[in-house]
Amino acid sequence: MNLNARSFIFIFAMTFLFFGLTWYFDKSKPKTDQPQVEVIADEFSDRRANVSDLPLSRLYLDPAGKEFATLAVDDQGHFITTSWTKDLPNELYALQGRGALVPVQLSGQEKNAVLYSQSKSIKMPVVAIDHYSDVQVVDMRDGKVYLGEYNGGQIAFPAEKPSGDAIVLYKNGSQYLPMGIYEDSNFDSFAQISAFNVAVQTPAKPSFMRTSGEQLYVLENEYQQVVFSSVGGAISEINLPFKSSDDEKSIVLPINFDREIEKESPGNALFPMQNARSADGEMQPKKGGYYPLLRRGINNASGAPKIEVPPRYYAMNIVGETPDAAKANFAMSAMGRDFIEFQGTIANRRVTKRYNFSKVSETAPYCLDLQITIDGDAKGLWLTSGVPDVEIISNNAAPVLKYRATVGERTSVEKVKMPKQAVTYSDVRADWICNSNGYFGVILDPLQGKPDSFQASLVPGILDPTRLTTVDAGHKLYPADKFPGYEMLIPLKSGTQIYRIYAGPFQRNLLGKLDKIFSVPATGYNPDYEAAWSFHGWFAFISEPFAKFLFLLMQGFHALTGSWGLSIILLTVALRLMLYPLNAWSIKSTMRMQKLQPKIAEVQARVKKGDKKAQLEMMALYREHKVNPFTGGCLPMLIQMPFLIGMFDLLKSTFDLRGASFIPGWINNLAAPDVLFSWSTPIPFFGTSFHLLPFLLGAVMYFNQKMMMKRKATPGEELDEKAKQAKMMGNVMAIVFTFIFYKFPSGLNLYWLSSMLLGMVQQKWMMNKQPPTSDVEVQPKPTSGLKKRRH
Numbered sequence: 000m001n002l003n004a005r006s007f008i009f010i011f012a013m014t015f016l017f018f019g020l021t022w023y024f025d026k027s028k029p030k031t032d033q034p035q036v037e038v039i040a041d042e043f044s045d046r047r048a049n050v051s052d053l054p055l056s057r058l059y060l061d062p063a064g065k066e067f068a069t070l071a072v073d074d075q076g077h078f079i080t081t082s083w084t085k086d087l088p089n090e091l092y093a094l095q096g097r098g099a100l101v102p103v104q105l106s107g108q109e110k111n112a113v114l115y116s117q118s119k120s121i122k123m124p125v126v127a128i129d130h131y132s133d134v135q136v137v138d139m140r141d142g143k144v145y146l147g148e149y150n151g152g153q154i155a156f157p158a159e160k161p162s163g164d165a166i167v168l169y170k171n172g173s174q175y176l177p178m179g180i181y182e183d184s185n186f187d188s189f190a191q192i193s194a195f196n197v198a199v200q201t202p203a204k205p206s207f208m209r210t211s212g213e214q215l216y217v218l219e220n221e222y223q224q225v226v227f228s229s230v231g232g233a234i235s236e237i238n239l240p241f242k243s244s245d246d247e248k249s250i251v252l253p254i255n256f257d258r259e260i261e262k263e264s265p266g267n268a269l270f271p272m273q274n275a276r277s278a279d280g281e282m283q284p285k286k287g288g289y290y291p292l293l294r295r296g297i298n299n300a301s302g303a304p305k306i307e308v309p310p311r312y313y314a315m316n317i318v319g320e321t322p323d324a325a326k327a328n329f330a331m332s333a334m335g336r337d338f339i340e341f342q343g344t345i346a347n348r349r350v351t352k353r354y355n356f357s358k359v360s361e362t363a364p365y366c367l368d369l370q371i372t373i374d375g376d377a378k379g380l381w382l383t384s385g386v387p388d389v390e391i392i393s394n395n396a397a398p399v400l401k402y403r404a405t406v407g408e409r410t411s412v413e414k415v416k417m418p419k420q421a422v423t424y425s426d427v428r429a430d431w432i433c434n435s436n437g438y439f440g441v442i443l444d445p446l447q448g449k450p451d452s453f454q455a456s457l458v459p460g461i462l463d464p465t466r467l468t469t470v471d472a473g474h475k476l477y478p479a480d481k482f483p484g485y486e487m488l489i490p491l492k493s494g495t496q497i498y499r500i501y502a503g504p505f506q507r508n509l510l511g512k513l514d515k516i517f518s519v520p521a522t523g524y525n526p527d528y529e530a531a532w533s534f535h536g537w538f539a540f541i542s543e544p545f546a547k548f549l550f551l552l553m554q555g556f557h558a559l560t561g562s563w564g565l566s567i568i569l570l571t572v573a574l575r576l577m578l579y580p581l582n583a584w585s586i587k588s589t590m591r592m593q594k595l596q597p598k599i600a601e602v603q604a605r606v607k608k609g610d611k612k613a614q615l616e617m618m619a620l621y622r623e624h625k626v627n628p629f630t631g632g633c634l635p636m637l638i639q640m641p642f643l644i645g646m647f648d649l650l651k652s653t654f655d656l657r658g659a660s661f662i663p664g665w666i667n668n669l670a671a672p673d674v675l676f677s678w679s680t681p682i683p684f685f686g687t688s689f690h691l692l693p694f695l696l697g698a699v700m701y702f703n704q705k706m707m708m709k710r711k712a713t714p715g716e717e718l719d720e721k722a723k724q725a726k727m728m729g730n731v732m733a734i735v736f737t738f739i740f741y742k743f744p745s746g747l748n749l750y751w752l753s754s755m756l757l758g759m760v761q762q763k764w765m766m767n768k769q770p771p772t773s774d775v776e777v778q779p780k781p782t783s784g785l786k787k788r789r790h
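FYI, numbering that gives the first Met the number 0 numbers position 612 of the sequence shown as 611, with every residue one higher than the one before it.
Have a look at this one:
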């Protein structure tokens, strides 16, 4: 077996080993710890119309009504359906009155939307809306009704979605009016179809929308700007101020997305988004200076709402069996600089909600207290976490849902599988729940009694879009449907309940500080908020202990230098020093193997490949010269692997690197790729900016393998076949790694680049240090037997 094949087998074996360990640890969890998961269907069925309530008619091919053609929406003599055949008949027959069949003529077709009508001169009434609403989407092939959620010209499906074309209906009062066609996962409004003769109706916006009476209020301190809505007495915005000379206590730094949105879409860089009232009077929106933790909807260029967040996705809103619960109007009953109170009614239950900044907010930042009093039965009411906006980590969104549970004296913090629809964990008494985007999030901690269950739900991106959709919107770099949000909910109880809300950065030291503040030594209680911090990586369960150790070292270096970039480089040096013996062992073994190559080639040329005799001779040769091909290369790599993976996961998971600059103008954010220069039109794979560090890394890898291939041989000696293969493999790997690392955070590239350079220095030093030795003498083997030569 040649060395290249051995290397490939090792890589594949390690890959399967790690995946096997992941599978084993997932499967080995006790069965009793697994929560029961139930799909939530009741709410959807309540919101979905019955087919008997919809204005549907059957169309026939013959006047006797024996040959069924299709279902259609009957809209005052107009019949709208979807195309069911290539050759549409010019005339169909519709049931009308007491079963009489009347002819209807084909009067319009565009794409797969088809209109039959008794009279071409009468305009068909259709509806067009510009706000969020439930809609009924009907498959005309079988009459099946699907619940859709319309917002901003797009439709999302919280449960099932139709497999083919369907007609979209909107409920206006007691009537269902045609709105458009759902075709190829897109919505086309009938008002825009030129082939149809339509009369467009525009219903008034529901009273709960912001432009129709919603009142906004603001509480603000050094760590948070919290915007409250009169709809549900809920939180519509949580904005975190950036660290500045005016706000030195904040630990949040701006990144390139913040600067781009402020420049390209200033209407979405307003804080708060709309005028609001504070304890000091009217507050006007301010441009920039904050990070929006929650999704806030999308404004147009002038700052007017374009796509509004449905109130059911507000944070700390109360939702119930029907959509109306989330739309309940609350009155602000009291307000001060650090508190606000709302009162309202939800389905004949009187509800009071009082928020105030934590009494220990100076020492426990980003914390808010909520007291909810419900007079009446609270069954079926849930409290929402809100939907965090998107953070891009290593070129991907990285949302994390967690909960902490206590069983007996044992506590554990578990990740929740990202839901594809709404699910309930019915047998979990969660101490707290956590909804995070990777770097920021919300922890909702009930302080009086633990809920009997919790819910996790997917929120379609087109209903509650991320602010990133405004970044280079013309090229759709971050389309809304590709970045769904997630929400967690806990059930409410009658009487008074108190909740602690943490809404801020998931920095490990800060969360650990909160644990110390809120722990109760007398009872041994510790909230364990630090566990809400997550490692991002495939093998985090292996690398986490090593990453925590490396994080302590990196913090120490930062305390000395004040620079996270220098800390990464110094940590790389420390890691190289710790692993120096292993690396030295590997290099020495490789050098001995290079000197043995002529002897190995002689044996392979003399003995038939694959012959057992050749294998025995090779093993004897390795023993004689104290060379082990596995321990020289594979074993040191295997021992180093947890440290290397730990370093990768650490740099992808450390909040402190987000927005931290190393070389201003080039490496402005160690948690994102470096940007040497940028352009406006996206190029496939490269995007709109050029990242230099990956190319420097590729160049260093190329020269490193070139140096490794250098052998102490006579001038003019050509490489053997294996050396040529290894050289080609090294060149290919340099190119591959350049592309693999192209969209990795600059902190990762900086670490790997530093590590490669230090490795080259170590190898060069050891090669120069090694005394010159003659080539291994090629001894002829006896023709009879394989007896060991005695000296």
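Ideal Cβ positions, reconstructed from N, Cα and C, are used throughout, including at glycine. Quick caveat: nothing in here was measured; it's all calculated off a predicted structure.
| message | For Y169, which residues in the same chain have their Cβ closer than 6 Å to its Cβ, ignoring the five residues on either side in sequence? | response | V126, V134, L176 and M178
| S792 in three-state terms, based on DSSP | In this structure the chain extends from 0 to 790, so residue 792 is not present and cannot be described.
| request: Output the distance between the C-alpha atoms of N582 and Y402, rounded to the nearest integer angstrom. | output: Their Cα atoms are separated by approximately 42 Å.
| Within the present structure, is the beta-carbon of P102 separated from the nearest heavy atom of the ligand COA by less than 8 Å? | The ligand COA is not among the ligands present in this structure, which contains no ligands whatsoever.
| In its own chain, which residues sit with a C-beta less than 7 Å from the C-beta of D527, not counting the 5 before and 5 after it? | R403, T410, V412 and D514
| Span of the alpha helix (DSSP H) around R409 | R409 -> not in any alpha helix (DSSP H); beta strand (DSSP E) instead, spanning R409 to V415.
| Just reading off the alpha helix (DSSP H) that D514 is part of, what are its end residues? | R507 to F517
| Delimiting residues of the beta strand (DSSP E) encompassing Q614 | Note, Q614: premise wrong, no beta strand (DSSP E); alpha helix (DSSP H) at K611 to E623.
| query | Taking the beta strand (DSSP E) that S566 falls in, what are its first and last residues? | reply | Here S566 belongs to no beta strand (DSSP E); instead the alpha helix (DSSP H) covers W563 to M577.
| task | For the stretch 357-367 and the stretch 493-504, state whether three or more C-beta atom pairs, one from each stretch, are separated by less than 8 Å. | result | The stretch 357-367 vs the stretch 493-504: in contact.
| query | What residue does the beta strand (DSSP E) around E148 start on, and which one ends it? | reply | K143 to N150
| query | What number of angstroms, rounded off, separates the C-alpha of L114 from the C-alpha of Y59? | reply | 14 Å
| Which whole-angstrom value is the C-beta distance of V399 and S533, which I expect to be below 8 Å? | 5 Å
| request: Mind listing, in chain order, the continuous beta strand (DSSP E) runs of no fewer than 3 residues lying wholly within the stretch 371-397? | output: 381-383
| request: Pull up the distance between the alpha-carbon of L91 and that of D61, whole angstroms please. | output: 7 Å
| said: Using 9 Å as the threshold, is the C-beta distance between P464 and I306 below it? | reply: Yes, they are a contact pair.
| message | Rounding to the nearest angstrom, what Cα-Cα distance links I166 and V251 in this structure? | response | Straight-line Cα distance between these residues: approximately 47 Å.
| Paired residues, beta bridge with T351 - DSSP | Q342 and T372
| Are A155 and G231 touching if we call contact CB-CB under 9 Å? | No, the Cβ-Cβ distance between A155 and G231 is not below 9 Å.
| query | Rounded to a whole number of angstroms, what is the C-alpha to C-alpha distance between M700 and Q614? | reply | C-alpha of M700 to C-alpha of Q614: approximately 33 Å in a straight line.
| message | Restricting to Cα atoms, I'd like to know which of K160, N394 and Q153 is closest to N185. | response | Q153
| query | Comparing alpha-carbon positions, which option in S301, Y424 and P459 lies nearest N150? | reply | P459
| Distance between G163 and S456 (C-alpha atoms, nearest Å) | 25 Å
| Do I373 and L559 have their CB atoms nearer than 9 Å? | no
| message | Let me confirm a value: E616 is counted as buried when at least 16 other C-beta atoms fall within 10 Å, else exposed. Which label applies? | response | Sixteen is the threshold: when 16 or more other Cβ atoms of the shown chains lie within 10 Å of the Cβ of E616, as they do, the residue is buried.
| said: Between the alpha carbons of K110 and D480, how many angstroms are there, rounded? | reply: 23 Å
| message | Suppose contacts are defined by Cβ-Cβ distances below 9 Å. Is Y485 in contact with N434 by that definition? | response | N434 is positioned such that its CB atom lies closer than 9 Å to that of Y485.
| Reduced DSSP secondary structure (H/G/I, E/B, other) of A421 | coil
| said: Quick check on the DSSP output: the beta strand (DSSP E) that includes M755 runs from which residue to which? | reply: M755 -> not in any beta strand (DSSP E); alpha helix (DSSP H) instead, spanning S745 to K768.
| field | Identity of the residue in S244, Y216 and G343 nearest R336 by Cα | value | Y216
| field | When D86, I489 and Q224 are compared against V422, the one with the closest alpha-carbon | value | I489
| task | My understanding is that P157 touches Q420, with C-beta atoms under 8 Å, so please give their C-beta distance in whole angstroms. | result | Correct: roughly 6 Å between the Cβ atoms.
| query | When you compare only the Cα positions, how much space is there between A671 and T737? | reply | Near 16 Å, if we compare the C-alpha coordinates of T737 and A671.
| task | Note down the Cα distance separating I873 from A619, rounded to an integer number of angstroms. | result | Residue 873 falls outside the range modelled here, since the chain spans only 0 to 790, and no answer is possible.
| query | How about Q370 and K352: are their beta carbons less than 9 Å apart? | reply | The answer is yes: Cβ separation under 9 Å.
| said: Restricting to Cα atoms, I'd like to know which of M706, T680 and S745 is closest to I662. | reply: S745
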